[in-house]
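Notes follow once the structure below has been shown.
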Amino acid sequence: DLGVRPQVLRKPPVSVEDWSRHQDSEGKMRDVPHLKQAIFKGGLCSAVRKEAWKFLLGYFPWDSTLEERKVLQRVKTDEYYRMKLQWKSISEEQERRNSRLRDYRSLIEKDVNRTDRTTCFYEGVDNPHLGLLQDVLMTYCMYDFDLGYVQGMSDLLSPILFVMDNEVDAFWCFVSFMDQM
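Under the UniProt record's numbering, think of the first position of the sequence shown as 1, with each following residue one higher.
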């Protein structure tokens, strides 16, 4: 017997106004434990989810200013596209001689084609979001070639890409998330 089930009262989601109240004049987050508790109890309204996830997943430091985050995004954007170019510029002949990269690409293609295909964001044959999902996962292989790709990573990345709707932000949120595993 598990006893009496505790009653949990759901709070309203954190609104844009709530989120803004937790920022100082430089954009640093204040009273982070309270904010995290409010998010835990009520979630996030859709208007703040994209920004909040960057903090929650570890891409943005909680004590960073708005200006520091802008600089971080510029640096990380350049870094992402350099890594993406690494695998995009590999010739077919080079790939034939690199069995690990070939295996990673094959696994990713199979998993991407099975990921969340019933949601509007990923449905359809020529859906561009599937290409983004594949690109982010292939770039992750370049970021951490020793780990590379393992089955299920596409399922972890899928909601992040959906919320971010930006491959660079999705990539770095995914990296931060994976680093916490």
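Every residue gets a Cβ at the ideal spot worked out from N, C-alpha and C, and that includes glycine.
| Query | Result |
| --- | --- |
| Cβ-based burial, Lys84 [other Cβ within 10 Å; buried from 16] | buried |
| Reference Asp155, options Met178, Phe145, Asp146, closest by Cα | Met178 |
| Cβ-based burial, Gly148 [other Cβ within 10 Å; buried from 16] | buried |
| Per-residue burial, Ser158 [other beta carbons within 10 Å of its own, 16 or more giving buried] | buried |
| Residue range of the unbroken alpha helix (DSSP H) whose run includes Ser154 | 153-164 |
| DSSP-derived helix/strand/coil call for Leu57 | coil |
| Minimum C-alpha distance to Val175 - residue among Arg114, Leu130, Phe55, Arg102 | Phe55 |
| Other residues of its chain near Glu26: CB distance less than 8 Å, five sequence neighbours each side excluded | Thr65, Leu66, Glu67 |
| Own chain residues within Cβ distance below 7 Å of Gln86, not counting five before or after | Met142 |
| DSSP-derived helix/strand/coil call for Leu44 | strand |
| Straight-line gap, His129 to Gln180 (C-alpha atoms, nearest Å) | 25 Å |
| Unbroken stretches of the alpha helix (DSSP H), 4 residues or longer, contained in the region 81-111 | 92-96 |
| Sufficient close CB pairs (3 or more, under 8 Å) joining the region 33-46 to the region 73-80 | no |
| Whether Arg10 touches Val163 by CB criterion (7 Å) | no |
| Beta-carbon spacing of Glu109, Arg117 below 7 Å | no |
| Backbone CA spacing between Cys45 and Arg102 [nearest angstrom] | 41 Å |
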